[in-house]
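Chain order of the listed sequences is A and B. So for the first sequence, the working numbering puts the first residue at 1; every next one is plus one. So for the second sequence, the working numbering puts the first residue at 43; every next one is plus one. For every residue, glycine included, the Cβ atom is placed at its ideal position computed from N, Cα and C. What you are looking at is a predicted structure, and each value in this text was computed from that prediction instead of being measured.
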Amino acid sequence: MNFETFLPILVNSLQGWMGVFIVTLIIIALVYLFNFLFSGRE
Amino acid sequence: MDALFGNVLNLQWQQVVMWAIGALLIYLAIKKGMEPSLLLPIGFGTILVNLPLSGAVTQVYESGTEEGILDVLFNAGIANELFPLLLFIGIGAMIDFTPLLSNPKLMIFGAAAQFGIFFTLCVASLLGFDIKNAASIAIIAAADGPTSIFVANFFQSDYIGAIVVVAYSYMALVPIIQPPVIRLITTKKERLIRMKYAERSVSKVTKILFPIFITAVAGIFAPRSVALIGFLMFGNLIRECGVLDALSDTAQKALANLVTLMLGITVATKMQAESFLNPVTLMILALGLVGFVFDTVGGVMIAKLYNLFAKEKINPMIGAAGISAFPMSSRVINKMGLEEDNQNFLLMHAVGVNVSGQIASVIAGGMILALFAS
Numbered sequence: 001m002n003f004e005t006f007l008p009i010l011v012n013s014l015q016g017w018m019g020v021f022i023v024t025l026i027i028i029a030l031v032y033l034f035n036f037l038f039s040g041r042e
Numbered sequence: 043m044d045a046l047f048g049n050v051l052n053l054q055w056q057q058v059v060m061w062a063i064g065a066l067l068i069y070l071a072i073k074k075g076m077e078p079s080l081l082l083p084i085g086f087g088t089i090l091v092n093l094p095l096s097g098a099v100t101q102v103y104e105s106g107t108e109e110g111i112l113d114v115l116f117n118a119g120i121a122n123e124l125f126p127l128l129l130f131i132g133i134g135a136m137i138d139f140t141p142l143l144s145n146p147k148l149m150i151f152g153a154a155a156q157f158g159i160f161f162t163l164c165v166a167s168l169l170g171f172d173i174k175n176a177a178s179i180a181i182i183a184a185a186d187g188p189t190s191i192f193v194a195n196f197f198q199s200d201y202i203g204a205i206v207v208v209a210y211s212y213m214a215l216v217p218i219i220q221p222p223v224i225r226l227i228t229t230k231k232e233r234l235i236r237m238k239y240a241e242r243s244v245s246k247v248t249k250i251l252f253p254i255f256i257t258a259v260a261g262i263f264a265p266r267s268v269a270l271i272g273f274l275m276f277g278n279l280i281r282e283c284g285v286l287d288a289l290s291d292t293a294q295k296a297l298a299n300l301v302t303l304m305l306g307i308t309v310a311t312k313m314q315a316e317s318f319l320n321p322v323t324l325m326i327l328a329l330g331l332v333g334f335v336f337d338t339v340g341g342v343m344i345a346k347l348y349n350l351f352a353k354e355k356i357n358p359m360i361g362a363a364g365i366s367a368f369p370m371s372s373r374v375i376n377k378m379g380l381e382e383d384n385q386n387f388l389l390m391h392a393v394g395v396n397v398s399g400q401i402a403s404v405i406a407g408g409m410i411l412a413l414f415a416s
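So this is what it looks like as structure tokens:
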């Protein structure tokens, strides 16, 4: 496989890993928000 | 007599090798306790489909085609992704996300430990696999059986049998694979870091909103993952809602067991000698190991990076639990912590990272589908 064919795969892979981080960071922010809003309301 | 013994002549040596592989899987399941619920049905199914002219799989005769029951099951449950999704309802109902919800930042290590998937995808491409097979092989590193089956089947990979067997085998081998890798990339001082566990209460509202919002967020960013994450979170919502205890119990036990039973033996349709016995299977075996090793490296290295900036240091070993493979990986990390310092209990932290790895591996599967399916 030459570099030109491999480059888009590498870029997409990095994008995929970053995508997992971005979704995870949004979920973390949501959980902190829920914990803040609903803690002690039981 | 010809009718009785004629079929013996149809036996090929490759089928005998597959019987040996089937027997090995059954041995590992029973004797070594390695993922017995999957490896035993797969092992038995491997023998079943490799009998000459086995009636369990579709055979083409001069008089016509006779459809085998395992092919019927494959088309009804795996080709349309039904079995892995139903299994996810059961898994979702089994998982308690409380350790994660009480310390949400741990989720970052779940994302970090998906590094092996994307690294393996690059390596597989460099080795000459086309992108769909490379992506299917890479998903072994999700360390999550249903996700591996779902993605490999989505791409209609030629190697689905090998991928599933390798994925489940390495998940069972996590206690052997992870410790040497972790020791190699951490110092003794780092492994001795103690972490306090302050149990924070998590409200019921949070536990109920969590699966709903995760589904929505994952669905927006990786729409192809929405079936996977949605079924996982649906199972969890049944568990946490508090009004569906009977359904939760059924999902955790009867449903999960029934689907697992069908899944294992059905996957064996892809264990026929002609598609399994080739050098590619050995490459998949090697690439799966690469994936698990680099998942571990990714999780630990991001934990070390976190320590560079954090006031309160964390034990970087817990990053390795982000590999998914729940709950095996968190037990491994806890054991390693206790081996270094018999008062260092890392279990609850590792469990938090481990369940976040479960979520992150599904999201990673969705990212793979989003980026490489077109």
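C-beta atoms of residue 28/A and residue 149/B nearer than 8 Å: yes
Residue 181/B versus 360/B, 379/B and 326/B, residue with shortest Cα-Cα distance: From the listed residues 360/B, 379/B and 326/B, the smallest Cα separation to residue 181/B is found for 326/B.
Supposed close pair residue 271/B, residue 256/B - CB separation, criterion 8 Å: 7 Å
Cβ neighbours of residue 57/B in the same chain (closer than 6 Å, five flanking residues each side left out): 92 and 315
Residue from 115/B, 132/B, 53/B and 170/B with nearest C-alpha to residue 296/B: 132/B
Contact check, residue 413/B vs residue 12/A, beta carbons under 8 Å: yes
Unbroken stretches of the alpha helix (DSSP H), 4 residues or longer, contained in the stretch 169 to 254 of chain B: 173 to 180, 187 to 196, 202 to 214, 216 to 227 and 230 to 233
Identity of the residues DSSP links to residue 107/B by a beta bridge: 102/B
Terminal residues of the alpha helix (DSSP H) in which residue 16/B lies: Outside the shown range of chain B (43 to 416) lies residue 16/B, about which nothing can therefore be said.
Unbroken stretches of the beta strand (DSSP E), 3 residues or longer, contained in the stretch 291 to 376 of chain B: none
Contacts of residue 147/B in chain A (Cβ-Cβ under 7 Å): 28
Stretch pair the stretch 186 to 194 of chain B + the stretch 158 to 173 of chain B: three plus CB contacts closer than 8 Å: no
Neighbourhood of residue 231/B by C-beta distance below 8 Å, restricted to the same chain and skipping five residues each side: none
Beta carbon proximity, residue 283/B to chain A, threshold 8 Å: no
Chain A residues whose Cβ lies nearer than 8 Å to that of residue 152/B: 24
First through last residue of the alpha helix (DSSP H) which encompasses residue 123/B: Looking at the DSSP string, residue 123/B is not in any alpha helix (DSSP H), and its letter there is neither H nor E.
Stretch-stretch touch, CB-based, cutoff 8 Å, three pairs: the stretch 111 to 129 of chain B with the stretch 300 to 310 of chain B: yes
Alpha carbon of residue 266/B to alpha carbon of residue 47/B, nearest angstrom: 51 Å
Neighbourhood of residue 60/B by C-beta distance below 6 Å, restricted to the same chain and skipping five residues each side: 88, 92 and 315
Contact list for residue 21/A against chain B, beta-carbon separation under 7 Å: 153
CB contact below 8 Å: residue 328/B versus chain A: no
Integer Cβ distance of residue 94/B from residue 53/B, believed to fall under 8 Å: 5 Å
Residue 208/B versus residue 392/B - alpha carbon distance: Cα to Cα, residue 208/B sits roughly 24 Å from residue 392/B.
Three CB pairs or more closer than 8 Å across the stretch 30 to 40 of chain A and the stretch 245 to 263 of chain B: yes
Cβ-Cβ distance between residue 174/B and residue 199/B below 8 Å: yes
Length of the line joining the Cα atoms of residue 262/B and residue 8/A: C-alpha of residue 262/B to C-alpha of residue 8/A: approximately 23 Å in a straight line.
Spatial neighbours of residue 216/B in its chain, beta-carbon cut-off 8 Å, leaving aside the 5 residues before and after: Around residue 216/B: 185, 334, 365, 367, 370, 371 and 374.
Chain B residues whose Cβ lies nearer than 8 Å to that of residue 12/A: 413 and 414
Reference residue 378/B, options 136/B, 275/B, 219/B and 243/B, closest by Cα: 219/B
Where residue 3/A falls, given that 16 or more other Cβ within 10 Å makes a residue buried: Exposed, since its Cβ has fewer than 16 Cβ neighbours within 10 Å.
8 Å Cβ cutoff, residue 170/B in contact with chain C: Given the protein chain composition of this structure (A and B), no chain C is represented.
Inter-residue spacing [alpha-carbon to alpha-carbon] between residue 285/B and residue 108/B: Approximately 47 Å between the Cα atoms of the pair.
Residue 31/A beta carbon less than 8 Å from that of residue 153/B: no
Contacts around residue 236/B, its chain only, beta-carbon distance under 6 Å, and the 5 residues preceding and following it disregarded: 386
Which of helix, strand or coil DSSP assigns to residue 113/B: helix
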